[in-house]
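Those protein sequence lines, which keep their order, are chains A and B.
Following my numbering, the numbering of the first sequence begins with 1 at its first residue and continues without gaps.
Following my numbering, the numbering of the second sequence begins with 10001 at its first residue and continues without gaps.
Reviewing the structure listed below.
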Amino acid sequence: MSAPGTGFGDVLVVGGGISGIQAALDLATSGYKVFLVEQSPTIGGKMAQLDKTFPTNDCSMCIESPKFIECDRHPNIEILTYTEVETVTGQAGDFEVTLNRKPRYVKEDLCTGCTVCAEYCPIPIPDPFNQELSDNKAVHIYFSQAVPLVPYIDKRCSYLDDQKCSICESVCKNNAIDLRQKAEQQVVKVGAIVLSPGFGVFDPGLRGDYGYGKYPNVVTSLDFERLLCSTGPHEGEILRPSDKRHPQRIAWIHCVGSRQVQEGGHSYCSSVCCTYIQKQVILAKDHDADIEAVIFHNDIRAFGKDFERFYQRTTRLPGVDFIRSYVDVGREIPETKNVTIRYATDTDGVQEQEFDLVVLGVGLGPPAQVERLAEQFDIELDDHGFCRTNPRNPLETSRPGVFVSGAFQGPMDIPESVVTASGANALAGALLKSRRGMLDTERVYPEERDVTEEEVKVGVFACHCGANIGRVVDIPSLVDYAGGLEHVAHVEEGLFICSTDAAAGIAETIREKGLNRVVVAACTPRTHEPLFRDTLREGGINQYFFDMANIREHCSWVHSKQKEEATAKAKDIVRMSVARTVGLEPLDEFQLPMNKTSLVVGGGVAGMTSALGLAEQGFEVHLVEKEKNLGGMARRIRTTLDGLDVQEMLQDLVRRVYKHPLVHVSHEATVTDVSGYVGNFVTTLTSEGREKTIHHGVVILATGADEYRPTEHLYGADERVLTQLELEERIHDDDEALADADNLVMIQCVGCRQEGRDYCARVCCSQAIKNALALKKRRPELEITVLYRDMRTYGFKEDRYFEAADLGVRFLRWEPDGEPEVAATDSGLQVTVPDPVLGKRLELDADLVALAAAVIPSAGTPEVTRLFKVPLNPDGFFQEAHVKLRPVDFSADGIFMCGAGHYPKHLDETISQAYGAAGRAVTLLSHDTVTASGSVCEVAESDCVSCGACITACTYDAIHWRETPTGRKAEVNPALCKGDGLCCAKCPTDAIALKHFTNEEIFNQIDAALEDPWSAASKPEPTTEVGT
Amino acid sequence: MCTGRVDLSFVLRALQGGADGVIIGGCWPGECHYVTEGNYDALGNMYLCRKLLRHVGVAPERLRLEWISAAEGTRFAEIMSDFAGQLRDLGPLGEGENLDATDLKQRLAALVDLVPYLKLVEREKLRVPEKSEEAYKEFFENDATDRLMDELIGDKIAVSRILRLLADNPLSTGEISEQLGLAPADVSRHMNDSSRRSLVRYDSDRQCYALAQAGRPAAE
């Protein structure tokens, strides 16, 4: 973080949740000076409060907190917490924003984060981070990983109340506490603003109809997240509020405050609750397998990537019961404080069940004080109080230069919040392209110490991870043990080693104690290795002198009931890690030149938008389309559900693409060959019969999707059976058959949500509603029946579903075991479907049948991804580097994705994601070089016997022959090597080695693993021979 | 680093160090996190290594390869518990095989000696035509491959073991055959062959074979 300075910057990001954090990081990395303003005492937002994230059940804080530190360390980001916006004047390119820095009564520049103040503070207050389910002190750090790691004093402090106590002031050795601190104003000048204020959580207490606030054992889903979490009120034990006992029967209620037309509720669907409830059920069952879970639900909206499988997984758990019913929270049983729920099913009528704990699946609303926000920024709100966005570009507000990312656009999940943040980078980047890099500050590291002549000195830092590790593994005993291992020169334990101060402490210790190897015994390198490597650089030693001993995922989380054995295993893991670090070598990361031209594959809306997103920021783009015309799937779509004229939008987009001097379009083009790597790709394609070679630094894959051609329901055999896309075309072409029809039956989920294509195609329910509405408005007498499994009109689309029902569209639900059947009769078509209420098959006459055919990956996708060597998921869609936090990155550097090739999505989502991909690409393109990993293969030429085994083994073409005086030898191009190490296992003479994972390093680890742990515990033996 | 990076020598190193079993966990086929599908290399290595273990009388089930994605914690736990149970049934390495510690050590050392040779051979003669689990299974679990393996390594392992045995003291053909459980005819053939290559010499006074040069035999 740069020192608070001049007040001159490029972009103001409002809101420090995951979306604001991502926006700040992408903008800052793209060469802009960012002010990141957050009203609470720390950045992190709602994501920091979640226990895990669906559908991968990654630990939420663990994946988010490295980004806090990244923000904190980024020289182009100035974080201003406990700060609110007062006024905004000026216009796009030249805003002046007055900020109000609220008094936290702790001086950030003097505080060391030692928390002595909190220790001595006598005033307990309900802890806001833990949803007030447990107490904290009036002065406290918001949570352990907070950035900045500085306490604040809550308004409920007794000094602030009536000047009674000032203990904290007297115990602070640094005089960092100032109880008389006043709010301060600060003026910043920026060119663009990104609004990422997030969402508000629906408060079920306001209306009081679920017993929330009245019955202690009724909690919200956000309360339950805290109960699940190991940093929560009971350290991860699920204890119910009334008597702190483990609940055995838990009910979840869906749609609390969502999909409700009554007063006080939201009419729209909150999009995330179905899946977060499934996550909570899975996690609750993980905590205690005997828990009985009952989920009272409406439609299950598992419309996102991998959500359907996640839902199936939940339904298969023993003791988990999904009941489709609206509910009433009945009464509280006075003796037990249990709560009853009344519900009704088709088969059994009205029922009542008793539960130990009831969890309300509360929905998402606009952020608090949204009207004030709208007024300050002079932006319009939509009917639901969220940000009104440009229908053609959901990242734009009504005010030029003010962009929006995250759930302020409308309910959305974490990946979408991240994608829109990257998208905001692309748009702000276009507006401010002339000043990119002008306020850029380079990060300065201390000079790297040459340790080759030094004796090996390993530092071991063991992390409690709050209670995550500490309550299972005996950390003090582990630290004692590690201290006795050979080569270990320093041991230390910490509550959260990944917190800002702990990481800074490691850097300090490296310097002070002259450490030259570091082992952090904590969590997974997947999320935290970059952070600690950076810490080693801060400490002045090579970043590859580092190893993570995973004693959480590999130990405490899996052996939570066997504490002694877990501690013994943690010692084994640490011993192996220490043995490995002894042989580690310093490695150089090298700089590769960055070619600033991009390639976009796929000329649909996604490809065109991302190409323009890049061009408008001043980067040259080659756009490659397989057809004669640009437009892709959108050419078949006439309107969106909200009534946007898609063809007009598309023509405008195509025009802009052709007009832009930096976009070069190739038609009828196929990629035939790809070589190179990030910064330096060479792609060959044939376009209109001619071969072209394009040199480019990054690539965006936007190869889109196709409509599945059904084999079901007489499609193809009877012309009265159409797909929804065909129906849409006919509606807008004023088709005759349609004008004469009396009955139309729509069948949903054709070709998906089934064995072999086990995903929801996301768009079909809205597509059906859109067509039904268009027809009903034109011909109210037309009978339309929609046969559905779950109507998945998520978000604001729900309003249109409601409208369709209001206009008389009939909705009938079917189950997978009672699929609709279509038969041709003399007079037309007949559709039969089981009626769950009447218990027999309903017969419906139909003049036309419309099938919601699945969306499948486009035919060209497998070949393109093969050429670029990037993976697909089991359904054939692009596989992201990280589902939540790197949603448009492939794991291969310099390759990004957008559009329906990633997963089926609506047009507005496609546009957001396309800008997101462009925003991510620019984080690379805005630099002259790119850094490549030092962990690559290398050949010891004298040992090479020229057998060529490594060359055949390498899929990346990274190994070639080189003529030498002693014959030809294998040679690795480190820029192409991805470090998989396959070649090493093939080399008969061990001439090729994967740096950082050499045979010696691995042998050290294996040998250390097999030492007798008990003898080692009492008297550590030399673990292994010291590597040279 | 990919599962395919797991070298034969890693597995043998663990067994030499006293591990009762080795498990390799890899990404599911078709879900490679690189694009290399190195998990098939791991699969081939597993089959190969199991054959080697069988050749020296070590239970091949002591090596196991399982596909476990990062999201399959439960599956991982189940597999590990199952494997632990399986190893308990097999008994400690060596004991379960009725091999004494020295013998076991020699047998494993004989395999380690062969690793470079195997890598060469694997590339030429053990290529599986197609990347599918069925194809790997069919290729490796088949009489023709077993015969090929016998030809390729059977003799080499036997000779390597005989030489390691003779390093301790000279023995007759009958004694060798008895101690190593090899057919007398095979031992004679190996002895004739090794005499021609001056690896051993026949001591006609004591009617037994001894190493041509005293000390440890050279690696084949």
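Each residue gets a CB set at the ideal place from its N, CA and C atoms; glycine is no exception.
| field | Between the CA atoms of Thr29 (chain A) and Asn100 (chain A) - distance to the nearest angstrom | value | One-based indexing of the first sequence puts residue 100 (chain A) at position 100. One-based indexing of the first sequence puts residue 29 (chain A) at position 29. Approximately 27 Å, taken between the alpha carbons.
| message | Would Phe95 (chain A) pass as an interface residue toward chain B - the criterion being a Cβ-Cβ separation below 9 Å? | response | The residue given as residue 95 (chain A) occupies position 95 in the first sequence. Not an interface residue.
| Beta carbon proximity, Leu485 (chain A) to chain B, threshold 9 Å | In the first sequence, residue 485 (chain A) corresponds to position 485, counting from 1. Answer no: the Cβ-Cβ gap between Leu485 (chain A) and chain B never drops below 9 Å.
| request: Would you verify that the beta carbon of Phe997 (chain A) is, or is not, closer than 9 Å to some beta carbon of chain B? | output: Stepping through the first sequence from its first residue, residue 997 (chain A) is reached at position 997. Yes, its Cβ sits closer than 9 Å to a Cβ of chain B.
| said: On the CB-based measure, 16 or more other CB atoms within 10 Å of its CB, does Asn425 (chain A) come out buried or exposed? | reply: Mapped onto the first sequence, residue 425 (chain A) falls at position 425. Flag for Asn425 (chain A) reads buried.
| message | Between Thr1068 (chain A) and chain B, is the shortest Cβ-Cβ distance under 9 Å, so that the two count as touching? | response | As shown, chain A starts at 1 and ends at 1028. That puts residue 1068 (chain A) outside it, with no answer to give.
| query | How about Ala1017 (chain A): is its C-beta nearer than 9 Å to some C-beta of chain B? | reply | Taking the first residue of the first sequence as position 1, residue 1017 (chain A) is located at position 1017. Unreliable positioning characterises Ala1017 (chain A) in this predicted model, as indicated by a pLDDT of 41, which lies under 50. The coordinate reading is nonetheless provided below. No, no contact with chain B.
| At what residue ranges does the stretch 943-976 of chain A contain a whole run of the alpha helix (DSSP H), taking only runs of 4 or more? | 949-953
| Cβ-Cβ separation, Ser398 (chain A) to Ala421 (chain A) (assumed contact under 8 Å), whole Å | Position 421 of the first sequence, counted from the first residue, corresponds to residue 421 (chain A). Position 398 of the first sequence, counted from the first residue, corresponds to residue 398 (chain A). Wrong, their Cβ atoms sit about 20 Å apart, outside the cutoff.
| field | Within chain A, the residues that Thr10102 (chain B) reaches when beta carbons sit closer than 9 Å | value | Taking the second sequence and counting its residues from 1, the one referred to as residue 10102 (chain B) is at position 102. Chain A residues near Thr10102 (chain B): none, gap ~18 Å exceeds 9 Å.
| message | Just checking: is the beta-carbon of Thr1023 (chain A) within a distance shorter than 9 Å of some beta-carbon in chain B? | response | Translated into positions along the first sequence, residue 1023 (chain A) becomes position 1023. Per-residue confidence for Thr1023 (chain A) stands at a pLDDT of 36, beneath the threshold of 50, marking its modelled position as unreliable; the derived number appears in the next sentence. So, not an interface residue.
| Exposed or buried, Gln617 (chain A), counting other C-beta atoms within 10 Å across all chains shown (16 or more means buried)? | For this step, residue 617 (chain A) is matched to residue 617 along the first sequence. Looking at its Cβ environment, which holds 16 or more other Cβ atoms inside 10 Å, Gln617 (chain A) is buried.
| task | State yes or no: is the beta carbon of Pro10116 (chain B) nearer than 9 Å to at least one beta carbon in chain A? | result | On the second sequence, position 116 is the one that residue 10116 (chain B) refers to. True, the Cβ-Cβ gap to chain A drops below 9 Å.
| field | Sheet register partners of Met746 (chain A) (DSSP bridge) | value | Residue numbering aside, residue 746 (chain A) sits at position 746 when the first sequence is read from its first letter. Bridge partners of Met746 (chain A): A:Val786, A:Ala850.
| query | So, helix, strand or coil for Gly10094 (chain B), using DSSP? | reply | As a first step, residue 10094 (chain B) must be located in the second sequence, where it is residue number 94. Coil at Gly10094 (chain B), not helix or strand.
| Environment of Thr597 (chain A) [buried if 16+ CB atoms lie within 10 Å] | Counting from 1 along the first sequence, the entry for residue 597 (chain A) is found at position 597. Thr597 (chain A) should be labelled buried.
| said: If I measure Cβ to Cβ from Leu848 (chain A) and keep anything under 6 Å in the same chain, skipping five residues before and after, which residues do I get? | reply: For the purposes of this step, residue 848 (chain A) is taken as the residue at position 848 of the first sequence. If we look at Leu848 (chain A) and ignore the five residues flanking it on each side, its Cβ neighbours are Arg720, Ala741, Leu744.
| chain B beta carbons: is any one of them nearer than 9 Å to that of Phe1003 (chain A)? | On the first sequence, position 1003 is the one that residue 1003 (chain A) refers to. Answer yes: the Cβ-Cβ gap between Phe1003 (chain A) and chain B drops below 9 Å somewhere.
| Is the Cβ of Pro415 (chain A) closer than 9 Å to any Cβ of chain B? | Walking along the first sequence from the start, residue 415 (chain A) turns up at place 415. So no, Pro415 (chain A) is outside the interface.
| task | Could you check what DSSP says for Asp135 (chain A) in three-state terms: helix, strand or coil? | result | For the purposes of this step, residue 135 (chain A) is taken as residue 135 along the first sequence, with counting starting at 1. Residue state, collapsed to three classes: strand.
| message | Taking its Cβ as the centre, do 16 or more other Cβ atoms sit within 10 Å of Ser926 (chain A), making it buried, or is it exposed? | response | On the first sequence, residue 926 (chain A) is found 926 positions in, with the first residue counted as 1. Its Cβ being crowded by 16 or more others within 10 Å, Ser926 (chain A) is buried.
| request: Might you give, ordered along the chain, the residues of its own chain that have their beta carbon closer than 6 Å to the beta carbon of Leu644 (chain A), omitting 5 neighbours on each side? | output: Numbered from its first residue, the first sequence carries residue 644 (chain A) at position 644. Here the set comprises Pro391.
| query | Does DSSP classify His487 (chain A) as helix, strand or coil? | reply | Translated into positions along the first sequence, residue 487 (chain A) becomes position 487. His487 (chain A): coil per DSSP, three-state reduction.
| task | Find out if the Cβ-Cβ distance for the pair Lys905 (chain A), Val939 (chain A) is shorter than 9 Å. | result | Within the first sequence, numbered from 1, the residue matching residue 905 (chain A) stands at position 905. Within the first sequence, numbered from 1, the residue matching residue 939 (chain A) stands at position 939. Result no, Cβ atoms of Lys905 (chain A) and Val939 (chain A) do not sit closer than 9 Å.
| task | Would you check if the stretch 234-241 of chain A and the stretch 318-326 of chain A touch, i.e. whether three or more CB-CB distances between them fall below 8 Å? | result | no
| field | Contact check, Glu589 (chain A) vs Gly607 (chain A), beta carbons under 9 Å | value | As a first step, residue 589 (chain A) must be located in the first sequence, where it is residue number 589. As a first step, residue 607 (chain A) must be located in the first sequence, where it is residue number 607. No. Outside cutoff.
| Thinking C-alpha only, which one of A:Leu160, A:Val479, A:Cys59, A:Ile193 is nearest His182 (chain A)? | For the purposes of this step, residue 182 (chain A) is taken as the residue at position 182 of the first sequence. Strictly speaking, residue 182 (chain A) in this sequence is Lys, with His absent from that position. The shortest C-alpha separation from Lys182 (chain A) is found at A:Leu160.
| Element boundaries [alpha helix (DSSP H), containing Thr923 (chain A)] | In the first sequence, counting from the first residue as 1, residue 923 (chain A) sits at position 923. Run containing Thr923 (chain A): 907-925, per the alpha helix (DSSP H) assignment.
| query | When we look at the beta-carbon of Trp1014 (chain A) and count the other beta-carbons within 10 Å, is it buried (16 or more) or exposed? | reply | Translated into the one-based positions of the first sequence, residue 1014 (chain A) becomes position 1014. Reliability of the predicted coordinates at Trp1014 (chain A) is poor, the pLDDT of 43 falling under 50, and the value obtained from them is presented with this limitation in mind. It counts as exposed.
| query | Under the rule that 16 or more other beta-carbon atoms within 10 Å means buried, what is Ala284 (chain A), buried or exposed? | reply | Indexing the first sequence from 1 puts residue 284 (chain A) at position 284. So Ala284 (chain A) counts as buried.
| query | Which residues in chain A sit within 7 Å of Asp10006 (chain B), going by Cβ to Cβ distance? | reply | For the purposes of this step, residue 10006 (chain B) is identified with residue 6 of the second sequence, where counting begins at 1. The identity of residue 10006 (chain B) in the sequence shown is Val, whereas the question assumes Asp. What Val10006 (chain B) touches in chain A: Ala985.
| task | Find the nearest neighbour of Ile379 (chain A) within the set A:Met412, A:Val833, A:Val88, judged by alpha-carbon distance. | result | On the first sequence, position 379 is the one that residue 379 (chain A) refers to. Of the listed residues, the one whose Cα sits closest to Ile379 (chain A) is A:Val88.
| said: So that I know if they touch, is there some Cβ in chain A lying closer than 9 Å to that of Met10149 (chain B)? | reply: Position 149 of the second sequence, counting from 1, holds the residue named residue 10149 (chain B). Output row for Met10149 (chain B): interface = no.
| alpha helix (DSSP H) segment containing Thr81 (chain A), residue limits | By 1-based counting over the first sequence, the position of residue 81 (chain A) is 81. Note, Thr81 (chain A): premise wrong, no alpha helix (DSSP H); not H, not E.
| task | Out of B:Ser10132, B:Gly10096, B:Asn10192, point me to the one whose CA is closest to Glu10061 (chain B)'s CA. | result | Here residue 10061 (chain B) is taken as the residue at index 61 of the second sequence, counted from 1. Checked all of B:Ser10132, B:Gly10096, B:Asn10192; the closest Cα to Glu10061 (chain B) is B:Gly10096.
| message | Quick check on the burial criterion: 16 or more other C-beta atoms within 10 angstroms. Buried or exposed for Thr83 (chain A)? | response | Reading the first sequence from its first residue, position 83 is the one you call residue 83 (chain A). Burial call: buried.
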